[in-house]
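Sequence positions in the sequence shown follow mature numbering (1 follows the signal peptide of the UniProt record, and there is no 0) and run -17 to -1, 1 to 185. Below is one structure, written out as structure tokens, with a few remarks after it.
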Amino acid sequence: LWPWLLASVGLSALVQLVTLPFFPDSPSYLLIQKGNEEACRKAIRRLWGEGDHQAEIDDIMKEKAAAMMSTKALRVLEVIKERSLRWQLYILMALMTTLQLCGINAIYFYSFEVFHTAKFEEYLIPYVSLGIGLCECLSCILCSTLIDHFGRKVLLLGGYTLMCSVLVLLTMTLSLQHQFFWMHYFSVILIFLFVVFYGIGP
């Protein structure tokens, strides 16, 4: 079943590859990047139907003018040296570093062993692992609804705090799993909680 499941991703990629040439380019891309107003008009007519779309074109032109006035392309070294961008750069580096070192890869790598130790049947473990991925997917969908209400900062700080707490508890349960039989199941619950908090936070 797993080879077919992995191969199914190729099917969606094939559909995109075949259908993508038939999609029109973005009108804003054609007008702002390419400077081709006629192609922009054709793309707008193809997307929104026949009619007078001068107002949309004027909006795109205003967007282009604002972008040209407010921004300029910076090289990597210029971004690093620019004082006004220093804090944004630090925040971005901290976010990317914590995202890589948060432990989600270790959780995915060792989850099979934890499930096996918890006396799950061999044929059930792949489905439990699939459940972990489904939990992450559902928590990401939940995050998209929560982010407008709480904001990114609260979700990031809350997510990382809860993930740290779960990792501490998971370390304890894995250390004590040979002394108490019920610790295996508690470890499984903590793995699912960690993935949920990862999806909601980072």
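Every residue gets a Cβ at the ideal spot worked out from N, C-alpha and C, and that includes glycine.
query: Using a Cβ-Cβ cut-off of 8 Å (strictly less than) and excluding sequence neighbours within five positions of Ala26, which residues of its own chain qualify?; result: Pro7, Asp8, Ser9, Pro10, Leu13
query: Using only the alpha-carbon positions, how far apart do Val149 and Tyr168 sit?; result: 14 Å
query: If I'm right that Leu129 touches Leu138 with Cβ under 8 Å, what's the distance once you round it to whole angstroms?; result: 6 Å
query: Check this for me: beta carbons of Thr82 and Pro185, under 8 Å apart or not?; result: Note that residue 82 is Leu in the sequence shown, not Thr. Their beta carbons are under 8 Å apart, which means Leu82 touches Pro185 by this criterion.
query: Tell me whether Gln83 sits in a helix, a strand or coil according to DSSP, three-state version.; result: helix
query: Buried or exposed: which applies to Ala101, given that a residue is buried once 16 or more other Cβ atoms fall within 10 Å of its Cβ?; result: buried
query: Give the straight-line distance between the Cα atoms of Leu(-7) and Pro(-15), rounded to the nearest whole angstrom.; result: 13 Å
query: If Gly142 and Ile183 are in contact, beta carbons under 8 Å, what's the gap, nearest whole angstrom?; result: 6 Å
query: Could you check the C-alpha separation between Val1 and Ala48 for me, to the nearest Å?; result: 35 Å
query: Just verifying my parser: in three-state terms, what is the DSSP assignment at Gly116?; result: helix
query: Can you tell me the Cα-Cα spacing of Arg24 and Asp35, whole angstroms?; result: 10 Å
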